[in-house]
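Enquirer:
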Amino acid sequence: MASVAELEARLETLKAARASGVRKVEYDGNSVEYRSDAELRRAIQDLTEELRTAQGGQSRKSLTVRMKKGW
8 MASVAELEAR LETLKAARAS GVRKVEYDGN SVEYRSDAEL RRAIQDLTEE LRTAQGGQSR
68 KSLTVRMKKG W
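Residue numbering for the sequence shown follows my numbering, starting at 8 and increasing by one per position.
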């Protein structure tokens, strides 16, 4: 597993690439080309969750509330 510093560096690289419209990124000697902005956005979300977990936090959970009547 990558260290927190490595995950932060990767996240910043992905964010910078997305902001500049570039879909190909390189880090740690690896090169990755994303097919779309949506794929790059998803990679940023996944890496953010991985970083949160590595820092000792909990990953986000979704909760759906369904009601039949009133509030």
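No residue lacks a Cβ here, since even glycine has one placed at the ideal position from N, Cα and C. Remember, it's a predicted structure, so these values are computed and weren't measured experimentally.
Buried or exposed: which applies to A24, given that a residue is buried once 16 or more other Cβ atoms fall within 10 Å of its Cβ?
Expert: Counting from 1 along the sequence shown, the entry for residue 24 is found at position 17. The residue is buried, with at least 16 neighbouring Cβ atoms inside 10 Å.
Enquirer: Quick check: what's the CA-CA separation for S10 versus R49?
Expert: As a first step, residue 10 is located in the sequence shown; it is residue number 3 there, counting from the start. As a first step, residue 49 is located in the sequence shown; it is residue number 42 there, counting from the start. Whole-angstrom Cα-Cα distance: 21 Å.
Enquirer: Got a sec? Which residues, its chain only, sit under 6 Å from Y34 by beta carbon, not counting five neighbours each side?
Expert: By 1-based counting over the sequence shown, the position of residue 34 is 27. Closer than 6 Å at the Cβ level, and outside the excluded window around Y34, lie R17 and T20.
Enquirer: May I have the straight-line CA-CA distance separating R59 from I51, to the nearest angstrom?
Expert: Here residue 59 corresponds to residue number 52 of the sequence shown, with the count starting at 1. Here residue 51 corresponds to residue number 44 of the sequence shown, with the count starting at 1. Rounded to whole angstroms, R59 to I51 spans 12 Å at the Cα level.
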